[in-house]
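Oh and the sequence shown: position 189 is 222 in the numbering used here, straight run, nothing missing. C-beta atoms are modelled at their ideal positions from N, C-alpha and C, and glycine is treated no differently. See structure below.
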Amino acid sequence: MSTRRPFTAAATAAVLGGLAVGFGGAPAAAEPNKDHTVDLRVATYNLSLNRASAGELEADLGTPNDQQARTVAEVIQRANPDVVLLNEFDYVPNLRAADLFRGNYLAIGQGGADPVDYPYAYVAPSNTGIPSGLDLNNNGQVAGGDDAFGFGAFDGQYGMAILSKYPIDTENVRTFQNFLWKDMPGALLPDNPATPEPADWFSPEELEVVRLSSKSHWDVPVKVGRETLHVLASHPTPPTFDGPEDRNGRRNHDEIRFWADYVTPGKSAYIVDDKGTRRGLLPSEPFVIVGDQNADPLDGDSVDAAINQLLDSRQITDPLPASDGAVEAAALQGGANAAHEGDPRYDTADFADGAPGNLRADYVLPSRKTTVLGSGVFWPTQADPLSRLTGVFPFPSSDHRLVWVHLQVRG
């Protein structure tokens, strides 16, 4: 269960293969208003705190001196979300890395920003770097990240973490790390173009173990006053780094589809969590989908309409977070950006100018059971002193930008 503990304590609580614990002083989360609503800011941030080897992130966060960690911490402090998903935060058991980041970085004011306290956190294992024991990339050998359940050089690389000012209902967290890709009806399984049979990139033996989630999918219930907000977190694989079979593009599409089906009555009956419970969300349950979805609605390499599975859903509101910094960057960098169909104000990632250019990759998509009060992307223009936090390549923080949405939920 979720607990509150002194900052220096080492107590932990295991839940569903993950951890969610609280620590620190009195919660900073807002109380319900007179009309029994609560305003809160929800964010997603691919902060690129992944490291090249196991143990490296924990070592880097063990002191308050890692410059990249200080920079991304200041971004979070400036945005000050109430709940934030961190993508590309290597999985370390027992919340060790999350505790170090909270204690050595977020709890200390960075660059003149105020400290921020997240009494609650959740982490769980990721499929990245876990060997499958099979030749999933069909290169004739079983080795390396391409043959793992999710691409990674070690177990948990590119993982996820959720930080929250509100209590996490750990007893009812649902994870879908082990859900098999083949068990999604109508899955876009990759095809071997060298054979006449359809959807045969993976052998029958491989299909019995290939998982849908490249990292994991989490349904993390957060208690907001008297309401429970379901934070639906994931980080689908980039739709690149493959061949004509497009196995990553197809997987990206279906990882995104998972949440579209999960929140849609009549489409979620096939979904089974890691404890064996079969169901999606009920229509009465408010939610917010967060994560680096690695898909732009109009540009980039994703399967056509992959992200539109969410953006066009009747259950979901798209607040269209925007920034002036993204518009400026697209104009200054040119290259692929000049040929993009999408409006650059909605970009959230500063990718290579030659290809694919800057894209909208990161999303905070609330359900229609909530009210959107505002939204934005933390991408300052170059004239803004805070542009030092985003910069240009090589980036001082990340090639992604923090995306936030200000919501109102019943409290």
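Could you check the C-alpha separation between residue i and residue j for me, to the nearest Å?
i, j, result
"Glu288", "Ala232", "17 Å"
"Ser86", "Asn327", "23 Å"
"Asp419", "Arg378", "Reading off the sequence shown, one finds Leu at residue 419, where the question assumed Asp. Approximately 18 Å, taken between the alpha carbons."
"Val405", "Pro223", "38 Å"
"Ala154", "Ala76", "14 Å"
"Tyr24", "Ser197", "This structure leaves residue 24 out entirely; the chain is present only between 34 and 444."
"Gly333", "Tyr199", "36 Å"
"Met34", "Glu374", "Since pLDDT at Met34 reaches only 28, below the 50 mark, its modelled position is unreliable, and the value read off the structure follows with that caveat. Between Met34 and Glu374, the C-alpha separation is close to 47 Å."
"Pro254", "Val321", "10 Å"
"Gly368", "Pro316", "44 Å"
"Arg311", "Asn66", "36 Å"
"Glu318", "Ile195", "20 Å"
"Ala364", "Asp395", "20 Å"
"Trp251", "Val206", "7 Å"
"Ala130", "Lys256", "24 Å"
"Asn113", "Pro413", "16 Å"
"Asp351", "Ile141", "33 Å"
"Arg74", "Asp337", "30 Å"
"His263", "Ala227", "43 Å"
"Phe274", "Gly258", "44 Å"
"Thr203", "Asp216", "26 Å"
"Arg393", "Lys300", "27 Å"
"Asn160", "Phe291", "16 Å"
"Lys402", "Gly173", "50 Å"
"Leu139", "Leu422", "15 Å"
"Ile201", "Leu119", "16 Å"
"Gly407", "Gly358", "18 Å"
Please state whether the Cβ-Cβ distance between residue i and residue j is less than 8 Å.
i, j, result
"Pro158", "Gly136", "no"
"Asp307", "Gln415", "no"
"Leu167", "Glu230", "no"
"Val175", "Trp214", "no"
"Val438", "Pro399", "yes"
"Ile163", "Phe182", "yes"
"Ala146", "Arg103", "no"
"Glu91", "Leu133", "yes"
"Arg434", "Val410", "yes"
"Asn281", "Trp234", "no"
"Gln342", "Ala293", "yes"
"Pro277", "Asn285", "no"
"Val296", "Pro354", "no"
"Leu169", "Glu121", "no"
"Pro218", "Ser247", "no"
"Ala62", "Asp115", "yes"
"Val442", "Glu260", "yes"
"Ser267", "Gly324", "yes"
"Phe212", "Val105", "no"
"Asp72", "Arg84", "no"
"Leu128", "Val149", "no"
Quick one: give me the first and last residue of the beta strand (DSSP E) that residue i is part of.
i, result
"Arg129", "From DSSP, Arg129 is part of no beta strand (DSSP E) but of the alpha helix (DSSP H) over Arg129 to Phe134."
"His250", "His250 to Val257"
"Leu262", "Glu260 to Ser267"
"Gly324", "Phe320 to Asp325"
"Gln174", "It is not in any beta strand (DSSP E) - Gln174 carries neither H nor E in the DSSP assignment."
"Asn120", "Val116 to Phe122"
"Leu440", "Val436 to Arg443"
"Ala369", "No beta strand (DSSP E) holds Ala369; DSSP gives it neither H nor E."
"Pro473", "Coverage of the chain is limited to positions 34 through 444, which leaves residue 473 absent and any answer about it impossible."
"Leu73", "Thr70 to Leu82"
"Gly407", "Thr404 to Val410"
Could you check whether the Cβ of residue i sits closer than 7 Å to any heavy atom belonging to the ligand GTP?
i, result
"Asp351", "No copy of the ligand GTP appears in this structure; indeed no ligand is present at all."
Report buried or exposed for residue i, applying the criterion of at least 16 other Cβ atoms within 10 angstroms of its Cβ.
i, result
"Leu221", "buried"
"Pro427", "exposed"
"Arg283", "buried"
"Asn79", "buried"
"Ser431", "buried"
"Ala385", "exposed"
"Asp345", "exposed"
"Gly58", "Since pLDDT at Gly58 reaches only 36, below the 50 mark, its modelled position is unreliable, and the value read off the structure follows with that caveat. Gly58 is exposed by the Cβ-count criterion."
"Glu361", "buried"
"Gly313", "buried"
"Pro330", "buried"
"Ala69", "In the sequence as displayed, the identity of residue 69 is His instead of Ala. Answer is exposed; the Cβ neighbour count stays below 16."
"Gln100", "exposed"
"Gly192", "buried"
"Tyr303", "exposed"
"Val425", "exposed"
For the alpha helix (DSSP H) containing residue i, name the first residue and the last one.
i, result
"Thr489", "Within the shown structure, residues of the chain are numbered from 34 to 444, placing residue 489 beyond reach of any answer."
"Val360", "Asp357 to Gln366"
"Trp292", "Arg280 to Tyr295"
"Leu343", "Asn341 to Leu344"
"Ala92", "Glu89 to Leu94"
Whole alpha helix (DSSP H) elements within the stretch 180-248, 4-residue minimum: Secondary structure remark: continuous alpha helix (DSSP H) runs of at least 4 residues inside the stretch 180-248, in chain order: 237-240.
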